[in-house]
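**Q** Mind looking over this structure? Questions follow.
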Amino acid sequence: MPDNVDPMNPPEPLGELQKPVVAVPSLAQVGKESKTGVTAAVLRKIRSTHPRSSRIPDAVFGVIILLSAISVFAIVVLVVWELISQSRISLHQFGIKFFYGHDWDPVNGSFGAMPFIYGTLVSSFLALLLAVPLAVGVAVYITEMCPQRLRASISFLVELLAAIPSVIYGLWGIFVLAPLLREYVEPFLARTLGWTGFFSGPAYGLGMLAAGIILAIMVVPVIASITREVMTAVPQNQREAVLALGATRWEMIRMGVLRNARIGIVGGVILGLGRALGETMAVTMVIGNRPEVAKSLFAPGYTMASVIANEFTEATGDLYLSALVEIGLALFIVTLIVNALARLLVWSITGGTARVRA
Amino acid sequence: MPNSAPTPAPQAVSLWRRFSNQGATVFAVLAAILVLVPLLAIFVYLVIKGVGSINLAFLTNTPKPPGEAGGGMANGIVGTGLILAVASVIGLPLGIGSGIYLAEYGRNRFGDLIRFTADVLNGVPSIVIGIAAYSLVVVPQKHFSAFSGGVALGIMMIPTIARATEEMLLMVPNVVREAAYGLGIPKWRTTLSISLRTASAGVITGCMLAFARVAGETAPLLFTAFGNQFWNLKLNQPTAALSLQVFTYAISPYDDWHKQAWAGALILILLIVGAVAAVRITTSRGMLKGGA
Numbered sequence: 068m069p070d071n072v073d074p075m076n077p078p079e080p081l082g083e084l085q086k087p088v089v090a091v092p093s094l095a096q097v098g099k100e101s102k103t104g105v106t107a108a109v110l111r112k113i114r115s116t117h118p119r120s121s122r123i124p125d126a127v128f129g130v131i132i133l134l135s136a137i138s139v140f141a142i143v144v145l146v147v148w149e150l151i152s153q154s155r156i157s158l159h160q161f162g163i164k165f166f167y168g169h170d171w172d173p174v175n176g177s178f179g180a181m182p183f184i185y186g187t188l189v190s191s192f193l194a195l196l197l198a199v200p201l202a203v204g205v206a207v208y209i210t211e212m213c214p215q216r217l218r219a220s221i222s223f224l225v226e227l228l229a230a231i232p233s234v235i236y237g238l239w240g241i242f243v244l245a246p247l248l249r250e251y252v253e254p255f256l257a258r259t260l261g262w263t264g265f266f267s268g269p270a271y272g273l274g275m276l277a278a279g280i281i282l283a284i285m286v287v288p289v290i291a292s293i294t295r296e297v298m299t300a301v302p303q304n305q306r307e308a309v310l311a312l313g314a315t316r317w318e319m320i321r322m323g324v325l326r327n328a329r330i331g332i333v334g335g336v337i338l339g340l341g342r343a344l345g346e347t348m349a350v351t352m353v354i355g356n357r358p359e360v361a362k363s364l365f366a367p368g369y370t371m372a373s374v375i376a377n378e379f380t381e382a383t384g385d386l387y388l389s390a391l392v393e394i395g396l397a398l399f400i401v402t403l404i405v406n407a408l409a410r411l412l413v414w415s416i417t418g419g420t421a422r423v424r425a
Numbered sequence: 003m004p005n006s007a008p009t010p011a012p013q014a015v016s017l018w019r020r021f022s023n024q025g026a027t028v029f030a031v032l033a034a035i036l037v038l039v040p041l042l043a044i045f046v047y048l049v050i051k052g053v054g055s056i057n058l059a060f061l062t063n064t065p066k067p068p069g070e071a072g073g074g075m076a077n078g079i080v081g082t083g084l085i086l087a088v089a090s091v092i093g094l095p096l097g098i099g100s101g102i103y104l105a106e107y108g109r110n111r112f113g114d115l116i117r118f119t120a121d122v123l124n125g126v127p128s129i130v131i132g133i134a135a136y137s138l139v140v141v142p143q144k145h146f147s148a149f150s151g152g153v154a155l156g157i158m159m160i161p162t163i164a165r166a167t168e169e170m171l172l173m174v175p176n177v178v179r180e181a182a183y184g185l186g187i188p189k190w191r192t193t194l195s196i197s198l199r200t201a202s203a204g205v206i207t208g209c210m211l212a213f214a215r216v217a218g219e220t221a222p223l224l225f226t227a228f229g230n231q232f233w234n235l236k237l238n239q240p241t242a243a244l245s246l247q248v249f250t251y252a253i254s255p256y257d258d259w260h261k262q263a264w265a266g267a268l269i270l271i272l273l274i275v276g277a278v279a280a281v282r283i284t285t286s287r288g289m290l291k292g293g294a
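In the order they appear, the protein sequences are chains H and P.
In terms of the working numbering, the first sequence opens at residue 68 and continues consecutively.
In terms of the working numbering, the second sequence opens at residue 3 and continues consecutively.
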């Protein structure tokens with residue numbers, strides 16, 4: 068595209084009548100112009116012979132398009148600025164202590180975000196622990212094993228999982244998953260693995276474990292679709308080469324595909340982590356919402372996103388509101404870092420062509 | 003290997019290698035099943051529990067006070083429509099516009115910056131977008147409103163639409179543009195009537211996906227649209243939304259409300275899956291595949 072000709076800067080005015088262009092450069096030359104820049108002068112000449120009426124709309128169009136692009140940038144800047152300015156009171160009052168303080172006491176105006184940070188981290192890592200093997204397994208199945216006919220429909224179904232709104236996951240979690248956990252899974256875990264300390268205490272159903280499982284279901288499609296994409300990006304002759312050396316199918320997948328795609332897969336996992344960290348509704352509905360740091364996964368917890376969801380509209384006083392916004396700011400910074408890292412890793416594998424959806 | 007050398011006898015695949023090969027196959031199949039089970043379970047439960055509570059009253063009435071049977075989510079359905087309309091008015095032009103910029107003008111440093119910012123915006127948790135919309139719209143306006151909810155969802159639509167539009171425009175061959183320029187058609191006309199038109203199937207896919215993504219969003223509406231027990235068609239008043247109502251009903255202690263939450267969720271998912279499926283069908287027939 069000829070983008071180095073500035074539509075904002077109309078060339079010097081011409082004589083009263085337009086003369087017909089004598090030497091028209093070939094289309095190929097015009098097309099190459101943006102890459103080489105050699106024919107820019109020729110193109111400018113053509114432009115200058117165009118009637119003025121067609122240049123003004125072009126300039127207007129260019130400005131409108133530029134403005135809408137700038138709006139994206141402006142929105143992000145505004146979001147950051149609002150988060151910082153709204154959390155100023157809390158930032159000044161508590162400083163770094165905010166992030167390791169344990170008590171969350173709105174009545175006495177004492178705020179420490181540790182229980183929420185703990186809950187967010189534990190539920191997200193639990194989700195990744197469950198989701199990564201499943202997501203990689205699904206991606207391997209779809210790209211390497213599945214009959215050609217089923218391929219499209221299975222990947223569609225996995226992606227459908229990403230289209231379900233989180234409030235519906237939460238609804239399902241409350242009324243289907245939590246009773247299931249309470250009646251069967253948690254008593255079983257307590258009997259067999261209770262000695263580890265992770266699975267002890269009363270089985271409520273709602274709690275850290277339920278949040279981890281719901282989050283796992285929600286991040287599987289994110290990780291699976293990236294994994295599938297980076298696996299598809301592995302050249303076919305890698306597979307053929309490994310197979311020709313006498314490898315079994317699994318050895319081919321392990322050595323020929325997964326090893327080549329591993330950086331991209333890690334990127335997908337980190338992208339899934341970003342999704343899990345910021346997930347709000349489903350987690351709020353199943354985690355039990357109690358700000359405490361407990362070792363047992365059966366115990367209720369609280370996350371950064373869900374404390375904002377639950378308490379923001381009820382926050383009385385500027386300090387309380389500002390503490391909640393500060394949690395939001397922390398969440399924003401963490402997801403920003405996590406997402407940037409993930410994109411970098413995925414881009415390094417697929418050369419920027421992969422569609423990264425979060 | 004020289005031709006004269008005898009080829010070694012093919013070695014039998016050892017027991018362990020055969021075992022691990024089959025184990026991996028079994029694991030991958032199991033993983034696929036395990037991932038699809040929750041999907042199936044969610045849909046089955048939605049249908050079983052939701053269908054029974056969907057009736058004319060549910061679709062035409064507003065909520066009754068807790069404890070009273072009956073009532074519906076009509077105001078929530080309309081409210082979701084209202085909020086999504088505002089979101090589309092904000093998100094579609096800005097999203098498509100920045101997509102055009104990225105594809106047609108943005109092959110430079112500034113374009114990379116916008117591209118990165120769009121990706122950042124895409125990764126921002128929806129609840130944080132909610133806080134931003136709250137302080138940008140609700141605080142100056144001094145009350146919760148449908149408009150602020152629409153702003154929050156509109157912001158969330160922009161990056162998805164922008165990247166989809168960019169990608170689809172880049173798939174339009176440059177020859178097409180050159181042909182248009184050769185005919186003396188100005189750039190704006192070429193972009194809108196030739197490039198964008200050629201890429202329209204993919205761009206529409208991107209828009210529908212963005213729409214489906216925000217249609218079920220709840221977190222950013224909690225403190226923007228806020229919810230409402232009554233009818234509201236004014237943009238500057240608190241408004242009910244289907245997703246908000248599902249949330250409130252699901253965490254309430256009333257059985258009747260639980261039933262209505264399932265029904266509301268079923269309607270919400272029908273809206274979203276309908277949009278995604280429509281996209282699937284149109285793109286699988288269209289020239290430009292992509293999107294879903």
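For each residue, glycine too, the CB sits at the ideal point set by N, CA and C.
From a predicted model like this one, the values you see are computed outputs, not experimental measurements.
Does chain P have any CB closer than 9 Å to the CB of E346(H)?
**A** Answer yes: the Cβ-Cβ gap between E346(H) and chain P drops below 9 Å somewhere.
**Q** Take A343(H) as the anchor and find which of A366(H), S363(H) and A229(H) has the nearest alpha-carbon.
**A** The shortest Cα separation from A343(H) among A366(H), S363(H) and A229(H) belongs to A229(H).
**Q** If contact is defined by three or more beta carbon pairs under 8 Å, each pair taking one atom from either stretch, is the segment 325 to 339 of chain H in contact with the segment 286 to 303 of chain H?
**A** The segment 286 to 303 of chain H vs the segment 325 to 339 of chain H: in contact.
**Q** Quick one: give me the first and last residue of the alpha helix (DSSP H) that P161(P) is part of.
**A** That run of the alpha helix (DSSP H) goes A148 to M173.
**Q** Do we get a CB-CB distance below 9 Å when we pair P255(P) with the residues of chain H?
**A** Not one chain H Cβ lies under 9 Å of P255(P).
**Q** Closest to L110(H) by C-alpha separation, out of E180(P), P127(P), E169(P) and V49(P), would be which residue?
**A** The candidate whose alpha carbon is nearest that of L110(H) is E180(P).
**Q** Taking only the alpha-carbon atoms, compute the straight-line gap between R410(H) and I404(H) and give it to the nearest angstrom.
**A** About 10 Å.
**Q** Have a look at the DSSP bridge pairing and note the partners of W414(H).
**A** DSSP lists no partner for W414(H).
**Q** Helix, strand or coil for G99(P), going by three-state DSSP, please let me know.
**A** Three-state DSSP puts G99(P) in a helix.
**Q** Quick one: what does DSSP say D170(H) is sitting in, helix, strand or coil?
**A** In the structure shown, D170(H) sits in coil (DSSP, three-state: anything other than H, G, I, E or B).
**Q** Can you give me the Cβ contacts of R249(H) inside the same chain, cut-off strictly under 7 Å, excluding the 5 residues immediately before and after it?
**A** Contacts found: A270, Y271 and G272.
**Q** When you compare only the Cα positions, how much space is there between G99(P) and Y167(H)?
**A** Near 44 Å, if we compare the C-alpha coordinates of Y167(H) and G99(P).
**Q** For the segment 184 to 212 of chain P, list every residue whose C-beta sits within 9 Å of some C-beta in chain H, in sequence order.
**A** Answer in chain order: G184, G186, I187, P188, K189, W190, R191, T193, L194 and L211.
**Q** With a threshold of 6 Å on Cβ separation, who are the neighbours of M75(P) within its own chain once the five nearest residues in sequence on each side are excluded?
**A** Within the same chain, M75(P) has close Cβ partners Q247 and G266.
**Q** When the distance is taken between beta carbons, is G132(P) closer than 9 Å to L86(P)?
**A** Contact flag unset, no.
**Q** On the DSSP bridge list, what partners appear for T207(P)?
**A** Its beta-bridge partners do not exist; DSSP assigns none.
**Q** So with CB distances below 9 Å, who are the chain P contacts of A47(H)?
**A** It is not possible to answer for residue 47(H), since the shown part of chain H is limited to 68 through 425.
**Q** Could you tell me which residues DSSP puts in a beta bridge with P65(P)?
**A** The partner list for P65(P) (beta bridge, DSSP) reads G73(P).
**Q** Alpha carbons only, please: which of P173(H), Q153(H) and I151(H) is nearest the one belonging to T383(H)?
**A** Cα-wise, what sits closest to T383(H) is P173(H).
**Q** According to the neighbour-count rule (16 or more other Cβ atoms, all chains shown, within 10 Å of its Cβ), is T259(H) buried or exposed?
**A** Under this definition T259(H) is an exposed residue.
**Q** Nearest-angstrom Cα distance between T452(H) and A221(P)?
**A** Here chain H covers residues 68 to 425 and nothing more, so residue 452(H) does not appear.
**Q** Could you confirm whether any beta carbon from chain P is found closer than 9 Å to the beta carbon of Y208(H)?
**A** It does; some Cβ of chain P falls within 9 Å.
**Q** Less than 9 Å separating the beta-carbons of V2(P) and L201(H)?
**A** Absent from the structure is residue 2(P), since the part of chain P shown begins at 3 and ends at 294.
**Q** Along the chain, where does the alpha helix (DSSP H) that runs through Q153(H) open and close?
**A** Note, Q153(H): alpha helix (DSSP H), R122 to Q153.
**Q** Does the separation of the CB atoms of A134(P) and E149(H) fall below 9 Å?
**A** Yes, these two residues count as a Cβ contact at 9 Å.
**Q** Quick one: is G384(H) near chain P, going by C-beta distance under 9 Å?
**A** Taking Cβ atoms only, chain P never reaches closer than 9 Å to G384(H), which makes this a no.
**Q** Suppose only complete runs of 4+ residues qualify. What are the alpha helix (DSSP H) ranges in the segment 285 to 362 of chain H, listed by chain order?
**A** With a minimum length of 4 residues, the continuous alpha helix (DSSP H) runs that stay inside the segment 285 to 362 of chain H are 303 to 311, 326 to 345 and 348 to 353.
**Q** Find the residues of chain P that neighbour P124(H), judging by a C-beta separation of less than 7 Å, and give them in chain order.
**A** Near P124(H) (Cβ distances below 7 Å), the residues of chain P are P188 and W190.
**Q** Answer with buried or exposed for S415(H), where buried requires no fewer than 16 other C-beta atoms within 10 angstroms of its C-beta.
**A** Flag for S415(H) reads exposed.
**Q** Would you please verify whether the beta carbon of W233(P) is less than 9 Å from any beta carbon of chain H?
**A** Not an interface residue.
**Q** Select from Q305(H), E381(H), L276(H) and H169(H) the residue whose C-alpha is nearest the C-alpha of V350(H).
**A** Among Q305(H), E381(H), L276(H) and H169(H), the Cα nearest to that of V350(H) is on L276(H).
**Q** Can you give me the C-alpha to C-alpha distance between R424(H) and V289(H), rounded to a whole angstrom?
**A** In this predicted model, R424(H) has a pLDDT of only 40, less than 50, meaning its place in the structure is not dependable enough to derive any value.
**Q** Beta-carbon of Q51(P) versus every beta-carbon of chain H: anything under 9 Å?
**A** Just to set this straight, residue 51(P) is Lys in the shown sequence, not Gln. For K51(P), the answer is yes, since a Cβ of chain H falls inside 9 Å of its Cβ.
**Q** At which residue ranges does the segment 358 to 404 of chain H contain complete alpha helix (DSSP H) runs of 4 or more residues, listed in the order of the chain?
**A** Those alpha helix (DSSP H) runs which fall completely within the segment 358 to 404 of chain H and span 4+ residues are 371 to 378.
**Q** Assign F379(H) to one of two classes, buried (16 or more other C-beta atoms within 10 Å of its C-beta) or exposed (fewer than that).
**A** When all chains shown are included, F379(H) counts as buried.
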